[in-house]
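Q: The sequence shown maps to residues 21 to 195 in this note's numbering.
Idealized CB from N, CA, C, for every residue including glycine.
Sending over a structure as C-alpha cells; questions will come in a sec.
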Amino acid sequence: MAIKQVERDLTFRERIYILEILKALRLTARHLFRNLFVHIAHRFGLLRRLRGGVTYQYPEERRPFSPRLRTLHRLTRRQDGSPRCVACMMCETVCPAHCIYIVGGEHPNPQIEKYPVRFDIDLGLCVFCGYCVEACPEDAIRMDTGKLEFSSYSREGMIHDLQELLSRSTTPPKR
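Okay, structure coming up:
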C-alpha cells in the first residue's frame, strides 16, 4: 500500500498563527474572569452553588484525594507476622507492565502451601493499573498507602523488595 503525499500551500493567515493565538488568549481570559467573578461573588455570599478554580499551595497544603486512588504498593501480613502472599503468581501473570517478579518457596507451616522468597516490584515500569490487587486471591497486595512521592535517583532505587513492601503494612506483626 503506497502512501499518497498531498502538498498544500498554507495561506498567510495559517502561516502566522495569529487566529490560533487569539483563540488561546480568549480561552485563558474567559477562565480568568469567570474565576475572578465567582470568587468575588463568594466573598459577598452570592453564587455559592458555583465553584471557582482553586490553587493548592503544594508542600504546605495537600490536595484532597479520592479514597479510590491507587498509590504505593504494600504487602499485608498474617496474624503471626508472616506475609499473607502464597506466591500463586496471579499478580505477576496479570500485570500488563510485567513489573512484578516473584520466587516462591515451601512454607514451614503445612497449612500454608507456599510463601514468597523474593517479591520485587519495579515502580519504574508500573502503570498503577491495580490489576495485581484485583487478581490476588489472598488480599495480600494493596495499593492504599496514600504515598504519592516515591522518586529515586537511580533505577535500582525504584525496585521495591519483599522487606520494603512488608514494612508499609499497617498491621504490626504479633510475636
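1) Reducing DSSP to helix, strand and coil, say where Phe64 ends up.
2) Please classify Leu95: does DSSP put it in a helix, a strand, or coil?
3) Decide yes or no for the touch test of the stretch 164 to 182 against the stretch 90 to 103: beta carbon pairs closer than 8 Å, at least 3 of them.
4) Determine which residues share a DSSP beta bridge with Glu126 and list them.
5) Using CA coordinates, which residue listed in Val153, Met178, Leu39, Ser174 is at the minimum distance from Asp140?
6) Provide the residue(s) that pair with Tyr121 in DSSP beta bridges, ordered along the chain.
7) Considering only residues of the same chain and omitting the five flanking positions on each side of Val58, which have a CB-CB separation below 8 Å?
8) According to DSSP, which residues form a beta bridge with Pro79?
9) Buried or exposed for Ile120, going by 16 or more other Cβ atoms inside 10 Å?
10) Once DSSP output is grouped into helix, strand and coil, what is the label at Arg162?
11) If I measure Cβ to Cβ from Ser189 and keep anything under 6 Å in the same chain, skipping five residues before and after, which residues do I get?
12) Helix, strand or coil for Arg33, going by three-state DSSP, please let me know.
13) Given this structure, state the Cα-to-Cα distance separating Leu87 from Ala22, to the nearest angstrom.
14) Along the chain, where does the alpha helix (DSSP H) that runs through Val114 open and close?
15) Quick one: grab the DSSP three-state call for Ile23.
16) Work out the CA separation of Leu39 and Glu80 for me, nearest whole Å.
17) Hey, would you say Val106 sits closer than 8 Å to Glu176, going by beta carbons?
A: Reading from the atomic positions:
1) coil
2) strand
3) yes
4) Lys134
5) Met178
6) Asp140
7) Leu67, Leu70, Arg71, Gly72
8) According to DSSP, Pro79 bridges with nothing at all.
9) buried
10) strand
11) Arg94, Thr96, Arg97
12) helix
13) Position check: residue 87 holds Pro in this sequence, whereas Leu was assumed. Each residue's alpha carbon lies about 51 Å from the other.
14) 110 to 114
15) coil
16) 40 Å
17) no
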